[in-house]
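Take the sequence shown: its position 96, counting from 1, is numbered 84 in the numbering used here, and each next residue is one higher.
Cβ atoms here follow ideal geometry from the backbone N, Cα and C, with glycine treated the same way.
From a predicted model like this one, the values you see are computed outputs, not experimental measurements.
The structure appears right after this line, and notes come after that.
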Amino acid sequence: KGRIFGGLLIVLLAGLLGLWPLRHAMRRLVGRLRPRASVANRVRQFGGEARARWAPYLDAVGLSYPPQQMVWVGLKDERVLEVWGQGDAGSWVHIRTLPILGASGTLGPKLREGDRQVPEGIYQIESLNPNSRYHLSLRVNYPNAFDLRRAKEEGRAKPGSDIMIHGSNASVGCLAMGDEAAEDLFVLAAAAGITKIRLILAPVDFRKRALPEPLPERPEWLDQLYDQIREELANLPLPSPK
-11 KGRIFGGLLI
-1 VLLAGLLGLW
9 PLRHAMRRLV
19 GRLRPRASVA
29 NRVRQFGGEA
39 RARWAPYLDA
49 VGLSYPPQQM
59 VWVGLKDERV
69 LEVWGQGDAG
79 SWVHIRTLPI
89 LGASGTLGPK
99 LREGDRQVPE
109 GIYQIESLNP
119 NSRYHLSLRV
129 NYPNAFDLRR
139 AKEEGRAKPG
149 SDIMIHGSNA
159 SVGCLAMGDE
169 AAEDLFVLAA
179 AAGITKIRLI
189 LAPVDFRKRA
199 LPEPLPERPE
209 WLDQLYDQIR
219 EELANLPLPS
229 PK
């Protein structure tokens, strides 16, 4: 009897293991069959409340909705995302600072797939995803031309991909902003147009301080990249507390 029971148990476990890929595939299929929302759908769904949340910040600095040009600054060590808009005189004004609720990795650039690093550099918003697993997301154009060139020079075939600014409060290599903040950023980007946003991702706020400690990996080109980031940040005065 013991042998029979053991055999039945082995057969059952084998069957379950065999079904696991099928169950995973079924979940993905069900996800694809769910109604897909468009960017316009999400703007209608979240736009009214998001715009109302932006209103006092824009009114305080005399900007209309949406700003015609923006710079977003993600500071990894400070764990904040600053939103800046360009005024009529061409100067940059600080609109709002949002906390980053989740981001993995350490200071230093992203170099390869799976290193859990948030990139560092000058980027654009590539697209908006209204059907993100993390509520809503904005895709960053990592790897950009600079990243690809350096990866090729160093023989890194897989520098990584799929870097997002998204909802939720946890992330691996992306910036998790929380659902409400993701709605605000998504709606603002949709209203202004993603080509109007320049994204700076920096290890620390170079307007205030240098890197706190030596980096575990420091490519030869990193000083050049950090000089570019410093130059970009120099155009943005330190925001006053709000």
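- How would you label G161, buried or exposed, when you count the other beta carbons within 10 angstroms and need 16 or more for buried? The residue given as residue 161 occupies position 173 in the sequence shown. Classification for G161: buried.
- Use the C-beta contact count for L226: other C-beta atoms within 10 angstroms, 16 or more gives buried, fewer gives exposed. Here residue 226 refers to the residue found at position 238 of the sequence shown. Per the 10 Å Cβ criterion, exposed.
- Query: Is it a yes or a no for the region 54 to 67 touching the region 21 to 32, going by three-plus beta-carbon pairs under 8 Å?
  - Reply: no
- Task: Using a threshold of 8 Å, state whether the C-beta atoms of K64 and V31 are closer than that.
- Result: In the sequence shown, residue 64 corresponds to position 76, counting from 1. In the sequence shown, residue 31 corresponds to position 43, counting from 1. Not a contact, by the Cβ cut-off of 8 Å.
- Taking just the CA atoms, how far does I151 sit from A164? For the purposes of this step, residue 164 is identified with residue 176 of the sequence shown, where counting begins at 1. For the purposes of this step, residue 151 is identified with residue 163 of the sequence shown, where counting begins at 1. The alpha-carbon atoms of A164 and I151 are separated by roughly 11 Å.
- Task: Find out if the Cβ-Cβ distance for the pair I217, L116 is shorter than 8 Å.
- Result: As a position in the sequence shown, residue 217 is number 229, starting the count at 1. As a position in the sequence shown, residue 116 is number 128, starting the count at 1. Not closer than 8 Å, so no.
- Query: Does the count of Cβ pairs from the region 93 to 105 and the region 137 to 148 closer than 8 Å reach three?
  - Reply: yes
- Counted within 10 angstroms of its Cβ, other Cβ atoms place L136 as buried (16 or more) or exposed: One-based indexing of the sequence shown puts residue 136 at position 148. L136 is exposed by the Cβ-count criterion.
- Other residues of its chain near G93: CB distance less than 6 Å, five sequence neighbours each side excluded: Residue mapping note: residue 93 aligns to position 105 of the sequence shown, counting from 1. The residues are R104, Q105 and V106.
- Using the C-alpha atoms, what's the distance from I188 back to W80? On the sequence shown, position 92 is the one that residue 80 refers to. On the sequence shown, position 200 is the one that residue 188 refers to. So the two alpha carbons sit approximately 14 Å from each other.
- Item | Sequence ranges, beta strand (DSSP E) only - wholly within the region 76 to 163, length at least 3 | 80 to 87, 109 to 117, 125 to 128 and 152 to 154
- Query: Which one of L173, W209 and A77 has the shortest CA to CA distance from R138?
  - Reply: Numbered from 1 along the sequence shown, position 150 holds the residue referred to as residue 138. Taking only the C-alpha atoms, the option nearest R138 is W209.
- Query: What does a CB cutoff of less than 7 Å around A178 pick up in its chain, not counting 5 residues either side in sequence?
  - Reply: By one-based count along the sequence shown, residue 178 stands at place 190. Excluding residues within five positions, the ones whose Cβ falls inside 7 Å are V27, V31 and L116.
- Apply the 10 Å Cβ neighbour rule to R67 and answer buried if 16 or more other Cβ atoms are within range, or exposed otherwise. Against the sequence shown, residue 67 aligns to sequence position 79. Label assigned to R67: exposed.
- Message: Checking the sheet assignment: what are the DSSP bridge partners for Q74?
- Response: Translated into the one-based positions of the sequence shown, residue 74 becomes position 86. DSSP output for Q74 lists W80 as bridge partner(s).
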